[in-house]
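Line by line, the protein sequences are chains A and B. My numbering puts the first sequence at residues 2 to 397. My numbering puts the second sequence at residues 2 to 397. Think of the CB as a built atom: it goes at the ideal place given N, C-alpha and C, for glycine as much as any other residue. No experiment lies behind these values; they were computed from the predicted model shown. Take a look at the structure set out below.
Number of protein chains: 2
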Amino acid sequence: MRRMTARPANAHQAKLLKLLRDAGPNSRAQLGDQVDLSRSKLAVEVDRLLETGLVVADGLAASRGGRRSHNVRLNPELRFLGVDIGATSVDVAVTNAELEVLGHLNQPMDVREGPVAVFEQVLSMAAKLRASGLAEGFDGAGIGVPGPVRFPEGVPVAPPIMPGWDGFPVREALSQELGCPVMVDNDVNLMAMGEMHAGVARSVGDFLCVKIGTGIGCGIVVGGEVHRGVTGSAGDIGHIQAVPDGRPCACGNRGCLEAHFSGAALARDAVEAAGQGLSEELASRLAAHGTLTAVDVAAAAAAGDATALDLIREGGNRTGQVIAGLVSFFNPGLVVIGGGVTGLGHTLLAAIRTQVYRQSLPLATGNLPIVLGELGPNAGVIGAGRLISDHLFSPA
Amino acid sequence: MRRMTARPANAHQAKLLKLLRDAGPNSRAQLGDQVDLSRSKLAVEVDRLLETGLVVADGLAASRGGRRSHNVRLNPELRFLGVDIGATSVDVAVTNAELEVLGHLNQPMDVREGPVAVFEQVLSMAAKLRASGLAEGFDGAGIGVPGPVRFPEGVPVAPPIMPGWDGFPVREALSQELGCPVMVDNDVNLMAMGEMHAGVARSVGDFLCVKIGTGIGCGIVVGGEVHRGVTGSAGDIGHIQAVPDGRPCACGNRGCLEAHFSGAALARDAVEAAGQGLSEELASRLAAHGTLTAVDVAAAAAAGDATALDLIREGGNRTGQVIAGLVSFFNPGLVVIGGGVTGLGHTLLAAIRTQVYRQSLPLATGNLPIVLGELGPNAGVIGAGRLISDHLFSPA
DNA sequence: CTTCTTTGTCCTGTGAGTGGAGAAAGTTGT
DNA sequence: ACAACTTTCTCCACTCACAGGACAAAGAAG
Numbered sequence: 002m003r004r005m006t007a008r009p010a011n012a013h014q015a016k017l018l019k020l021l022r023d024a025g026p027n028s029r030a031q032l033g034d035q036v037d038l039s040r041s042k043l044a045v046e047v048d049r050l051l052e053t054g055l056v057v058a059d060g061l062a063a064s065r066g067g068r069r070s071h072n073v074r075l076n077p078e079l080r081f082l083g084v085d086i087g088a089t090s091v092d093v094a095v096t097n098a099e100l101e102v103l104g105h106l107n108q109p110m111d112v113r114e115g116p117v118a119v120f121e122q123v124l125s126m127a128a129k130l131r132a133s134g135l136a137e138g139f140d141g142a143g144i145g146v147p148g149p150v151r152f153p154e155g156v157p158v159a160p161p162i163m164p165g166w167d168g169f170p171v172r173e174a175l176s177q178e179l180g181c182p183v184m185v186d187n188d189v190n191l192m193a194m195g196e197m198h199a200g201v202a203r204s205v206g207d208f209l210c211v212k213i214g215t216g217i218g219c220g221i222v223v224g225g226e227v228h229r230g231v232t233g234s235a236g237d238i239g240h241i242q243a244v245p246d247g248r249p250c251a252c253g254n255r256g257c258l259e260a261h262f263s264g265a266a267l268a269r270d271a272v273e274a275a276g277q278g279l280s281e282e283l284a285s286r287l288a289a290h291g292t293l294t295a296v297d298v299a300a301a302a303a304a305g306d307a308t309a310l311d312l313i314r315e316g317g318n319r320t321g322q323v324i325a326g327l328v329s330f331f332n333p334g335l336v337v338i339g340g341g342v343t344g345l346g347h348t349l350l351a352a353i354r355t356q357v358y359r360q361s362l363p364l365a366t367g368n369l370p371i372v373l374g375e376l377g378p379n380a381g382v383i384g385a386g387r388l389i390s391d392h393l394f395s396p397a
Numbered sequence: 002m003r004r005m006t007a008r009p010a011n012a013h014q015a016k017l018l019k020l021l022r023d024a025g026p027n028s029r030a031q032l033g034d035q036v037d038l039s040r041s042k043l044a045v046e047v048d049r050l051l052e053t054g055l056v057v058a059d060g061l062a063a064s065r066g067g068r069r070s071h072n073v074r075l076n077p078e079l080r081f082l083g084v085d086i087g088a089t090s091v092d093v094a095v096t097n098a099e100l101e102v103l104g105h106l107n108q109p110m111d112v113r114e115g116p117v118a119v120f121e122q123v124l125s126m127a128a129k130l131r132a133s134g135l136a137e138g139f140d141g142a143g144i145g146v147p148g149p150v151r152f153p154e155g156v157p158v159a160p161p162i163m164p165g166w167d168g169f170p171v172r173e174a175l176s177q178e179l180g181c182p183v184m185v186d187n188d189v190n191l192m193a194m195g196e197m198h199a200g201v202a203r204s205v206g207d208f209l210c211v212k213i214g215t216g217i218g219c220g221i222v223v224g225g226e227v228h229r230g231v232t233g234s235a236g237d238i239g240h241i242q243a244v245p246d247g248r249p250c251a252c253g254n255r256g257c258l259e260a261h262f263s264g265a266a267l268a269r270d271a272v273e274a275a276g277q278g279l280s281e282e283l284a285s286r287l288a289a290h291g292t293l294t295a296v297d298v299a300a301a302a303a304a305g306d307a308t309a310l311d312l313i314r315e316g317g318n319r320t321g322q323v324i325a326g327l328v329s330f331f332n333p334g335l336v337v338i339g340g341g342v343t344g345l346g347h348t349l350l351a352a353i354r355t356q357v358y359r360q361s362l363p364l365a366t367g368n369l370p371i372v373l374g375e376l377g378p379n380a381g382v383i384g385a386g387r388l389i390s391d392h393l394f395s396p397a
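Spelled out as C-alpha cells, the structure:
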C-alpha cells in the first residue's frame, strides 16, 4: 500500500483533521457546528480532504429527525508509530489516525547502551508489529526519550541519564529508517500529551503531569500546549532540592528530589531496609529475586508491610513538598501523577495530596484535583501519536 | 477634549496599532515590512486608522534615497493612566499611547485601609496629574493590586495582605469613576509586562520576573503572554517552603520564603540585629528613625556594615534556592529581579546567582541571565499601560 | 537635466467565503 | 398513503479582502 503523504492545505483543513482525530467520525453538519464556517465552504474543504485521501467517506449516520448525514472519518488505513524510550525499557505501539492503540509491545532495555543499539531494538519491534498485520507502513512516528530535547531539530541535548545520546540526530535517523516524518520529544511531555488527548486531562488547558519512574519529571501544559522551555529542559524537577544537605545525587548536588524518591531510589531504600532486617516481606523478596524494584515495594505495601508503606509515604511526602511549590508557582487546574510508580497507588497519592493541600495556598488548591494517570503504559505512545499528528495535521 | 473611543476594526489594524505603540512613528513603507500585507491593503488600513483618530500624520521622514515617506504615529493626545498599588504605597502615572511616562506620583498608603480609601487617594492623584496639564482625560487605565485577581472580571480574589478587597469590583468601580475602560491585574504581572515592554526583557519570550517588596511574587511570561493560572494565583511564590520547620508565617505554615526574606522580614531582622548589638550602623539608624526598613539595610550594607550584608546574603540565598527550583521547572530565558529591595543591588543579586547557578542543571542555566529590572518604580505603571493598551488595541 | 530609487496611490483580477434557494432524504401526524 | 415539517447537502450568485502591477510623486546621484 502506498503511504499517505498529503498535508492540509490551509488552517481550515488542519482544524478539520484535528477534529476528526479527536472526535472520530463526524458528519459535515456536525463539523460545521464546530469550525465556524459556512456550510458551503465547509463542504468544499471536506471534498478537498477526501481528494487527498486523508479523509474517507464512512457511510450514513442515524437520522436525527431528518435526512441522514454522510459521515466522514480519517482514513482508517493511516498508521502512526509511537515509541516511548524509558531508562530501562521501550514501548512501541501502532495507532490509527484517531490514535487508538492497535498493537503495543514492551521490552526491557538499557538506554545507556546508546542510540544505535536502542534503535536496532525499536526497529525490530516496529517490524514485528508490521509483520503481525497491524500496519503495512507508517505515515508518521513520534518518539519520546528520557531527557531534554532541542525540539525543533529533534535532538537530545545534554541528557544526564543517557550520555551517549547527546547530539544524536534522533529525528533524522529514525525518519530515514522508517521513511516517514518523525517528531521527537521528552518522554514526560509525551505522557502529558497522552493524558491530555485520551486520559484524565481531557478538556483541561493548564495542568502538570508528574512522571515518577526511574527518574522524576514534569510535563507542563499551558493553554493546551506543552511548555518546553528555552533549552528544552522545562519540567526537569528531579534535581530540585527536596532535602537541605540531603543525600548526594548523581548530578553533584545534595538532597535532590530524585535522590530521595524515584524508582531507583525506592529500590535502593528497599534493599537497605531488607538488609537491616526491618521487613521480612522485603527480605524474602530480595532473597527470591536477588534484587528489588519499585514493583516489589508496591507488592509488599499491598500485603500490608509497614516498612514498605513507610518508604512510599516518605517518598510521597518529599514529592508532595516539591509539587506544592510548583502548584503555588504555576496554579494548574489539575495535577496528574504517572509513571512506573503509579503501582504504589493511593498510598503515594494520599501522601502527595496531604503535602500539597497543606502547603499551597487555598486559592490554588481549592479546586485542584490530584489524580493518577489513567492510561498507564499507553500514555507515552498515545502522546507520541498526538505529537506527530499535530505536526502532520498542520499546514505544510 | 473629546476622548478617543474607537477600537481597531480587525486584526490588521490591531497589529498596526501595537507596532506603532512599540516602535513609535513609522512610515507606511516601514510598517509594510513588518506586517506581511500588500502596500495597497496596508494603505487602506492605515487610512481607516487615520479616520478613527487613533493614528495621526506625523510629517515627512528623511529620505532613504528616494521619495520621503509620510510618517504616521499614534495620536499623541491619547492618555493612559497607570496605577500600581503596593502594600505600603501607590504609584500613579500618566503615559501617552506609546507608553512613555509623562508624569508620575508616588505616595505612601496602607492597602489594608480598603478599596474605598485607596481609590479616593488614587483618584485625587490622578486629578492632580490632570490638573498639571498632562492629561485632559484618560482613554484607558491599567491597575495593579498586590494579590490574586480574577482577570476576566478584574476582581481581586482571596488576597492575603488586603482582606478588605476580596471580591471588590475594582475594574467596574474604577471604570465608572474615570469614565474609561480599565483592566486589572496582579502587580507582579504588571512589572513583568513593563520590563517586557521597555525594560530588560525586551525581545525575550519566556522569562520570570521576581518582585521582592513587602512580599514576594513572580511574574511568569510564556511566549510573550503572562501566565495567570486557573485562579489567577500563579506566581505566588512567597509561600513556597524555603526552610523546613522554619519561621512561622502569617499564612499558617512554617518556613515560607516570605517569612524569611522580603521587605517586611528584612526590616524585622534588622531591628532584631540592632537590638542584639550586632551592628552599630543599624542601631544608630534605628535610634534615628525609630524603626528600620529595607532602605536602611541597603544603606548600611553600602556603608560596609557586615551584619547588613549578612542579612542580605542570607535572604538572597533563600530566594536563590527557591528560584533555582523554578528555573529547573520552567527553564526561562531570563530572570529579572525587581521590587523594593532592588536597592540591595549586587549583594543580593550575587547571592541569588550563586544559588541558581549551583543548584540548577547546566542546561537550564548555561545561557541564563539573572539581572535586576531596569525600570524601577516605572515598571508597574508602564506594565499597566501595556495591559490596557493590549486590551484597547485588540479588535472589539 | 537625466537616470535611478523610494514612496505612495489607483485599479483590476482573483479567490475565499457567505447566504439563500432548493433538492434529497428522512420523520411524524392525519 | 399523503401532507407537513426537519435535517442534510449541493449549487449558485454575490461580496469583499487582498495581491500585484502600472503609474505618479518626490527625492538622490551623477
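Quiz item: Out of curiosity, what's the CA-to-CA distance linking L79 of chain A and N27 of chain A?
Solution: As a working note, residue 79 of chain A is residue 78 in the first sequence. As a working note, residue 27 of chain A is residue 26 in the first sequence. Approximately 17 Å, taken between the alpha carbons.
Quiz item: Can you give, in chain order, each stretch of the beta strand (DSSP E) that sits fully within the region 40 to 98 of chain B and has at least 3 residues?
Solution: The qualifying runs are 56 to 61, 71 to 75, 81 to 86 and 90 to 96.
Quiz item: For the region 104 to 185 of chain A, which segments carrying the alpha helix (DSSP H) assignment without a break, of at least 4 residues, lie completely within its bounds, in sequence order?
Solution: Listed in chain order, the complete alpha helix (DSSP H) runs (minimum 4 residues) inside the region 104 to 185 of chain A are 116 to 132 and 171 to 179.
Quiz item: Which class does F331 of chain B belong to by DSSP, given the choice of helix, strand or coil?
Solution: Taking the first residue of the second sequence as position 1, residue 331 of chain B is located at position 330. Three-state DSSP puts F331 of chain B in a helix.
Quiz item: Between P396 of chain A and P9 of chain A, is the Cβ-Cβ spacing less than 8 Å?
Solution: As a first step, residue 396 of chain A is located in the first sequence; it is residue number 395 there, counting from the start. As a first step, residue 9 of chain A is located in the first sequence; it is residue number 8 there, counting from the start. In this structure, P9 of chain A lies closer than 8 Å to P396 of chain A by Cβ.
Quiz item: So which residues on chain B does V223 of chain A lean against when the C-beta distance must stay under 7 Å?
Solution: Here the question's residue 223 of chain A lines up with position 222 in the first sequence. Near V223 of chain A (Cβ distances below 7 Å), the residues of chain B are V223 and H228.
Self-check item: Whole-number beta carbon distance between E196 of chain A and G87 of chain A, since they are thought to touch under 8 Å
Solution: Translated into positions along the first sequence, residue 87 of chain A becomes position 86. Translated into positions along the first sequence, residue 196 of chain A becomes position 195. No, G87 of chain A and E196 of chain A are not in contact; Cβ-Cβ is about 16 Å, not under 8 Å.
Self-check item: Three-state secondary structure (DSSP) of R22 of chain A
Solution: The sequence position of residue 22 of chain A within the first sequence is 21, counting from 1. In the structure shown, R22 of chain A sits in a helix (DSSP, three-state: H, G or I).
Quiz item: Where does L32 of chain A fall in DSSP's three states?
Solution: For the purposes of this step, residue 32 of chain A is taken as the residue at position 31 of the first sequence. Looking at L32 of chain A - three-state DSSP - the assignment turns out to be helix.
Practice problem: Look at the alpha carbon of M194 of chain A and the alpha carbon of A260 of chain B, and state the distance between them as a whole number of angstroms. | Solution: Working through the first sequence from its first residue, we reach residue 194 of chain A at position 193. Working through the second sequence from its first residue, we reach residue 260 of chain B at position 259. Each residue's alpha carbon lies about 37 Å from the other.
Practice problem: Indicate the three-state DSSP secondary structure (helix, strand or coil) for I221 of chain B in the structure shown. | Solution: Indexing the second sequence from 1 puts residue 221 of chain B at position 220. If DSSP states are grouped into helix, strand and coil, I221 of chain B belongs with the strands.
Quiz prompt | Min CB distance A266 of chain B to chain A below 8 Å | solution = As a first step, residue 266 of chain B is located in the second sequence; it is residue number 265 there, counting from the start. For A266 of chain B, the answer is no, since every Cβ of chain A falls outside 8 Å of its Cβ.
Quiz item: Can you list the residues of chain B that P149 of chain A reaches, using a CB-CB cut of under 7 Å?
Solution: Here the question's residue 149 of chain A lines up with position 148 in the first sequence. What P149 of chain A touches in chain B, judged by beta-carbon distance under 7 Å, is L364, going in chain order.
Quiz item: Is G334 of chain B near V357 of chain B, with beta carbons less than 8 Å apart?
Solution: Looking up residue 334 of chain B in the second sequence gives position 333. Looking up residue 357 of chain B in the second sequence gives position 356. Contact flag unset, no.
Self-check item: chain B contacts made by the region 135 to 147 of chain A, where a contact means CB separation under 8 Å
Solution: Of all residues in the region 135 to 147 of chain A, none is placed with a Cβ closer than 8 Å to any Cβ belonging to chain B.
Quiz prompt | Among A:L106, A:L135, A:G247 and A:Q31, nearest to Q122 of chain A - alpha-carbon criterion | solution = Position 121 of the first sequence, counted from the start, is the residue given in the question as residue 122 of chain A. Measuring from the Cα of Q122 of chain A, the nearest candidate turns out to be A:L106.
Quiz item: At a Cβ cut of 9 Å, what residues of the region 234 to 245 of chain B count as close to chain A, listed as they run along the chain?
Solution: So the close ones are S234, A235, G236, D237, I238, G239, H240, I241, Q242, V244 and P245.
Exercise. Mark P164 of chain A as exposed unless 16 or more other C-beta atoms lie within 10 angstroms of its C-beta, in which case mark it buried.
Key: As a working mapping, residue 164 of chain A is identified with position 163 in the first sequence. Classification for P164 of chain A: exposed.
Self-check item: Residues within the region 284 to 297 of chain A neighbouring chain B, beta-carbon criterion of under 9 Å
Solution: Correct list: empty, as no residue qualifies.
Self-check item: C-beta neighbour in chain A for T232 of chain B, strict 8 Å
Solution: Reading the second sequence from its first residue, position 231 is the one you call residue 232 of chain B. Taking Cβ atoms only, chain A reaches closer than 8 Å to T232 of chain B, which makes this a yes.
Quiz item: For E101 of chain A, which of helix, strand or coil comes out of DSSP?
Solution: By 1-based counting over the first sequence, the position of residue 101 of chain A is 100. It is coil, neither helix nor strand.
Quiz item: Mind pulling the chain B residues with CB within less than 9 Å of F262 of chain A?
Solution: Here residue 262 of chain A is taken as the residue at index 261 of the first sequence, counted from 1. The premise fails here: F262 of chain A is roughly 15 Å from chain B at the closest Cβ pair, so nothing lies under 9 Å.
Practice problem: Within its chain, find whatever has a CB closer than 6 Å to the CB of R40 of chain B; leave out the 5 residues flanking it on each side and keep chain order. | Solution: Start at 1 with the first residue of the second sequence, and residue 40 of chain B comes out as number 39. If the five residues before and after R40 of chain B are omitted, its C-beta is found closer than 6 Å to the C-beta atoms of G33, all from its own chain and listed in chain order.
Exercise. Report all residues from its chain with a CB closer than 7 Å to the CB of N11 of chain A; omit the five preceding and five following residues, and keep chain order.
Key: For this step, residue 11 of chain A is matched to residue 10 along the first sequence. The beta carbon of N11 of chain A sits closer than 7 Å to the beta carbons of P396 from its chain, once the five residues preceding and following it are set aside; these are given in chain order.
Exercise. Can you grab the Cα-Cα spacing for the pair M192 of chain A / C219 of chain A, in whole Å?
Key: The residue given as residue 192 of chain A occupies position 191 in the first sequence. The residue given as residue 219 of chain A occupies position 218 in the first sequence. A straight-line Cα-Cα distance of about 9 Å links M192 of chain A and C219 of chain A.
Quiz item: Could you give the uninterrupted runs of the alpha helix (DSSP H) lying entirely in the region 297 to 343 of chain A, keeping only those of 4 residues or more?
Solution: Listed in chain order, the complete alpha helix (DSSP H) runs (minimum 4 residues) inside the region 297 to 343 of chain A are 307 to 331.
Quiz item: Which residues mark the beginning and the end of the alpha helix (DSSP H) in which V357 of chain B is found?
Solution: Locating residue 357 of chain B in the second sequence gives position 356, where the first residue counts as 1. Start and end: G346 to Q360.
Quiz prompt | Where N401 of chain B meets chain A, residues with beta-carbon distance less than 7 Å | solution = Coverage of chain B is limited to positions 2 through 397, which leaves residue 401 of chain B absent and any answer about it impossible.
Quiz item: G141 of chain A: which of A:V84, A:M126 and A:H290 sits nearest, CA to CA?
Solution: Here residue 141 of chain A refers to the residue found at position 140 of the first sequence. The residue among A:V84, A:M126 and A:H290 with its C-alpha nearest the C-alpha of G141 of chain A is A:V84.
Exercise. Rank A:G239, A:H240 and A:R255 by C-alpha distance to the C-alpha of D246 of chain A and give the top, closest one.
Key: Reading the first sequence from its first residue, position 245 is the one you call residue 246 of chain A. Checking every option, the nearest Cα to that of D246 of chain A belongs to A:R255.
Practice problem: Scan the region 305 to 337 of chain A for residues whose Cβ lies nearer than 8 Å to a Cβ of chain B and list them as they occur along the chain. | Solution: Here the close residues are Q322, V323, A325, G326, L327, S329, F330, F331, N332, P333 and G334.
Quiz item: Is the number of C-beta pairs between the region 380 to 396 of chain B and the region 16 to 23 of chain B that are closer than 8 Å three or more?
Solution: Of all C-beta pairs linking the region 380 to 396 of chain B to the region 16 to 23 of chain B, three or more are shorter than 8 Å, placing the two stretches in contact.
Quiz item: Contact check, S64 of chain B vs A30 of chain B under 8 Å by CB: the rounded distance?
Solution: Within the second sequence, the letter at position 63 stands for residue 64 of chain B. Within the second sequence, the letter at position 29 stands for residue 30 of chain B. With a Cβ gap of about 12 Å, S64 of chain B and A30 of chain B do not count as contacting.
Quiz item: Would you report the Cα separation of R151 of chain A and V158 of chain A, rounded to the nearest angstrom?
Solution: For the purposes of this step, residue 151 of chain A is taken as the residue at position 150 of the first sequence. For the purposes of this step, residue 158 of chain A is taken as the residue at position 157 of the first sequence. Straight through space, the alpha carbons of V158 of chain A and R151 of chain A are spaced by roughly 6 Å.
Exercise. Look at the alpha carbon of E178 of chain A and the alpha carbon of T215 of chain A, and state the distance between them as a whole number of angstroms.
Key: Looking up residue 178 of chain A in the first sequence gives position 177. Looking up residue 215 of chain A in the first sequence gives position 214. Roughly 29 Å separates the two Cα atoms.
Quiz prompt | Proximity to P149 of chain A [Cα-Cα], best of A:N190, A:A300 and A:A98 | solution = Looking up residue 149 of chain A in the first sequence gives position 148. Shortest Cα-Cα distance from P149 of chain A to any of A:N190, A:A300 and A:A98 involves A:N190.
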